[in-house]
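Engineer:
Following this line, the structure appears as structure tokens:
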């Protein structure tokens, strides 16, 4: 049990696999040019299995993840057909009659020391909450970029993540991992998983590369979950009683013209039994309808998607699109790290892509493994215990936050939306929070944990975007008057800041075109 | 607005160019673009910094003349009070344009000298003539042509220069916080300078490369120019 871990084996070569390998290699300074290898890092990829290639939205965290790996942002943007994502824009979620709200990546102005939500509520005439406290919704409405050509790589004027081509991203990360970071790449299909006497995985047999032994195995085999699910039999916890969506139809839509604007947000438009994502890349849009097969048929879902596609491109171009169907069981494994095997990506779990939590979970999982990488087998169980506790908490919080988008709808005539309101479908902790938020708006006390995935600011954006009412208490507070004066100033400053950014920032299209020619500077 | 015309004896036989330096001639510049080929002369008078061109984000070197837009502390009653005048100031109001060899095709072009007729230096009463009465190019015009050729070479040299600086991580961003004698404060951001720590870490092969390309000398000239900052602040302090 005291064997040092001198070989880490990543099984599976999709985005999750290569991102994980890259994050671990970067953390441990594994490099091809210096030949520094504190342990061997191997990735087994089956040439016979294609990757799923969805997950086209990232969080801002992806910037530092890639920067740490030594990737040039210019290379990322040009190789992965990537553009800038500043948040999500929701349409028809509350009443379905054209209502909209934004969930931008930037927290409300001066959020650290001032909670503007009650002051916003107290104003007689007011723009939407997100617009009142953040310049980003306005920038997004004009399809502006979050930075200028003079802004260095990964730096920003306003916070951003990416929209990108997931298939290209996997290929791009793979090249970087092999050529720069010196990750050992084995192309073979797994045939057998071999156990050691103590029950650990001792090695993996493959069809054309022999048997590969290792100290730690990372399962990135997608929804098949070959190691954690199939070999160890760790069950999937079904979450379909909370989040109903279990199917998706995905497609790629050409722009009406080559210079058509590129959206700054993921557009999310509610449908009768699900919602449609619309992600603008430089060369095309990625569009899909995610829905509950218990509430609608594939045919109806497909009709709704085609109708949407027709609304965003020319009639002749909309006829060219072909749909791809995906199904999934919404849920996650009962635990993620078992013995000497840890699952990352879809092998750990999958839920609908609302708020794009898939890639950020890969980043966070891989970072924790990289940082806490047990030196010996004897301490691995302790690290595994901590890992499981942390990520079960994270999954719970993600599921709660996604459910929040559904529980405030007023579309009771539609069974899917009515069922989403059923108390039995709402986690107890979310019910409690909602009762509390009726009286006091979420703020710092609502962030349970330092690495809570969604900060309380996100709860504010969704709540007040959906028309939630917090009835403030009428007891006079000592600081009330000062706070109101400060809030009035901050609202004004936000307007000025938005105006200044509006005049300074180029459109996404303009900036992407310039980057293709000149690149961004590293400094 | 600019109105560039290709210089010709027939068109510009009577045209003159004023050579005095004054704000009325568009000389109120906070900084002037410069080139490594003239860093040795520039550093004797001006601090050299690197800036990013706003439209394309590319680096260029500049000689600092003031601390806010429109302030040129070297201008003094029609004089530019410095022993060396940057090439980009001396070239005004001329510019190199490209002219198609065959007017029907834009494929092959030749450099030609052009003049901005809307430039405040252009006059028909005072200043240096471009052509003699006989229509021969004047010495003044000949010198201008030589200067433009030099700028053209300097420009090409410069592109690789900044690329190489970036390749060796030799640029770093810098914020200048200056307090003047009258108590006013100025913070200059978006400036870049030579990263001396990185420079002194370079080893044989890299140094040989920089030297061979003619970049080592301008790098040290740029570092030396930093001490001109004090003199520039003094100009501001003693109006």
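Residue numbers (my numbering), protein chains in the order written: chain Z, 121 to 643; chain Y, -16 to 222. The C-beta atom is built at its ideal place from N, Cα and C for all residues, glycine as well. All of these numbers come straight from a predicted model, not from anything done at the bench.
Let me see if you follow: with CB-CB separation under 8 Å, is residue 278(Z) close to chain Y or not?
Structural biologist: Answer no: the Cβ-Cβ gap between residue 278(Z) and chain Y never drops below 8 Å.
Engineer: Count the other CB atoms within 10 Å of the CB of residue 61(Y); is the residue buried (16 or more) or exposed (fewer)?
Structural biologist: Exposed, since its Cβ has fewer than 16 Cβ neighbours within 10 Å.
Engineer: Listed from N- to C-terminal order along the chain, which residues in the region 255 to 270 of chain Z have their beta-carbon within a distance smaller than 8 Å of any beta-carbon of chain Y?
Structural biologist: Under the 8 Å Cβ criterion, the region 255 to 270 of chain Z contributes 268, 269, 270.
Engineer: Would residue -2(Y) be called buried (16 or more neighbouring beta carbons within 10 Å of its own) or exposed?
Structural biologist: Burial call: buried.
Engineer: Would you mind stating whether residue 490(Z) and residue 191(Z) have Cβ atoms separated by less than 8 Å?
Structural biologist: Contact flag unset, no.
Engineer: Based on DSSP bridge pairs, tell me the residues matched to residue 83(Y).
Structural biologist: Note: residue 83(Y) sits in a beta bridge opposite 92(Y).
Engineer: Quick check: the region 488 to 505 of chain Z against the region 146 to 156 of chain Z, are there 3 or more CB pairs under 8 Å?
Structural biologist: The answer is yes - the region 146 to 156 of chain Z touches the region 488 to 505 of chain Z, with three or more Cβ pairs under 8 Å.
Engineer: Against chain Y, with Cβ distances strictly below 8 Å, would residue 121(Z) count as a contact?
Structural biologist: In this predicted model, residue 121(Z) has a pLDDT of only 47, less than 50, meaning its place in the structure is not dependable; the value taken from the coordinates is given anyway. No - not a single Cβ of chain Y is within 8 Å of the one on residue 121(Z).
Engineer: Give the single residue among 213(Y), 199(Y), 95(Y) whose Cα lies nearest to the Cα of residue 177(Y).
Structural biologist: Among 213(Y), 199(Y), 95(Y), the Cα nearest to that of residue 177(Y) is on 199(Y).
Engineer: Inspect the beta-carbon positions of residue 81(Z) and residue 311(Z) and report whether they are closer than 8 Å.
Structural biologist: For chain Z, the structure presents residues 121 to 643; residue 81(Z) sits outside this window and is missing.
Engineer: Kindly indicate the opening and closing residues of the alpha helix (DSSP H) around residue 337(Z).
Structural biologist: Careful: residue 337(Z) lies outside any alpha helix (DSSP H), inside the beta strand (DSSP E) at 336 to 339.
Engineer: Check residue 306(Z) in the structure and name its three-state DSSP category.
Structural biologist: Of the three classes helix, strand and coil, the one that applies to residue 306(Z) here is strand, per DSSP.
Engineer: Could you give the distance in angstroms between the alpha-carbon of residue 161(Z) and the alpha-carbon of residue 563(Z)?
Structural biologist: Each residue's Cα considered, the two are about 42 Å apart.
Engineer: So, at 8 Å on beta carbons, what are the nonlocal neighbours of residue 194(Z) in its own chain, with the 5 sequence-adjacent residues on each side left out?
Structural biologist: Closer than 8 Å at the Cβ level, and outside the excluded window around residue 194(Z), lie 273, 635, 639, 640.
Engineer: Which one of 129(Z), 197(Z), 508(Z), 331(Z) has the shortest CA to CA distance from residue 637(Z)?
Structural biologist: Checked all of 129(Z), 197(Z), 508(Z), 331(Z); the closest Cα to residue 637(Z) is 197(Z).
Engineer: Is residue 72(Y) buried or exposed, if buried means 16 or more other CB atoms sit within 10 Å of its CB?
Structural biologist: Label assigned to residue 72(Y): buried.
Engineer: CB residue 294(Z) to CB residue 397(Z), shorter than 8 Å?
Structural biologist: Not in contact: residue 294(Z) and residue 397(Z) (Cβ atoms no closer than 8 Å).
Engineer: Rounded to a whole number of angstroms, what is the C-alpha to C-alpha distance between residue 429(Z) and residue 517(Z)?
Structural biologist: Those two C-alpha atoms are separated by around 33 Å.
Engineer: Nearest-angstrom Cα distance between residue 3(Y) and residue 33(Y)?
Structural biologist: So the alpha carbons of these two residues sit roughly 28 Å apart.
Engineer: Kindly indicate if chain Y contains any beta-carbon less than 8 Å away from that of residue 638(Z).
Structural biologist: With 8 Å as the cut-off, residue 638(Z) counts as an interface residue toward chain Y.
Engineer: Counting only Cβ pairs nearer than 9 Å, list the residues of chain Y close to residue 634(Z).
Structural biologist: In chain order: 38, 39, 40.
Engineer: Where do the ends of the beta strand (DSSP E) carrying residue 160(Z) lie?
Structural biologist: Run containing residue 160(Z): 160 to 165, per the beta strand (DSSP E) assignment.
Engineer: Can you pull the chain Z residues whose beta carbon is under 9 Å from the beta carbon of residue 14(Y), in chain order?
Structural biologist: By Cβ distance, chain Z contributes nothing, its closest Cβ being about 15 Å from residue 14(Y), past 9 Å.
Engineer: Shortest alpha-carbon distance to residue 123(Y) belongs to which of 75(Y), 150(Y), 17(Y)?
Structural biologist: Per the Cα distances, 75(Y).
Engineer: For residue 163(Z), tell me which candidate among 201(Z), 338(Z), 245(Z), 484(Z) has the shortest Cα-Cα distance.
Structural biologist: Checking every option, the nearest Cα to that of residue 163(Z) belongs to 338(Z).
Engineer: Which stretch, first to last residue, makes up the alpha helix (DSSP H) that contains residue 634(Z)?
Structural biologist: From DSSP, the alpha helix (DSSP H) with residue 634(Z) extends over 628 to 638.
Engineer: Distance check for residue 299(Z) and residue 535(Z), CA to CA, integer angstroms please.
Structural biologist: Roughly 52 Å separates the two Cα atoms.
Engineer: Going along the chain, which residues of the region 615 to 633 of chain Z sit with their C-beta nearer than 7 Å to a C-beta in chain Y?
Structural biologist: Result list empty, no residue passes.
Engineer: How would you call residue 206(Z), buried or exposed, if buried means at least 16 neighbouring beta carbons within 10 angstroms?
Structural biologist: So residue 206(Z) ends up on the buried side.
Engineer: Name the DSSP bridge partner or partners of residue 120(Y)?
Structural biologist: In DSSP, residue 120(Y) forms a bridge with 114(Y).
Engineer: Given this structure, state the Cα-to-Cα distance separating residue 615(Z) from residue 424(Z), to the nearest angstrom.
Structural biologist: Approximately 38 Å between the Cα atoms of the pair.
Engineer: Taking 7 Å as the limit between beta carbons, can you name the residues of its chain near residue 646(Z), skipping five residues before and five after?
Structural biologist: This structure does not reach residue 646(Z), given that chain Z is present from 121 up to 643, and the question cannot be answered.
Engineer: Count the other CB atoms within 10 Å of the CB of residue 84(Y); is the residue buried (16 or more) or exposed (fewer)?
Structural biologist: That one is exposed.
Engineer: Count Cβ pairs between the region 155 to 166 of chain Y and the region 95 to 115 of chain Y that sit closer than 8 Å; are there 3 or more?
Structural biologist: No, they do not touch.
Engineer: Which residues bound the alpha helix (DSSP H) around residue 137(Z)?
Structural biologist: 135 to 147 is the extent of the alpha helix (DSSP H) around residue 137(Z).
Engineer: So, is the C-beta of residue 187(Z) closer than 8 Å to a C-beta in chain Y?
Structural biologist: Output row for residue 187(Z): interface = no.
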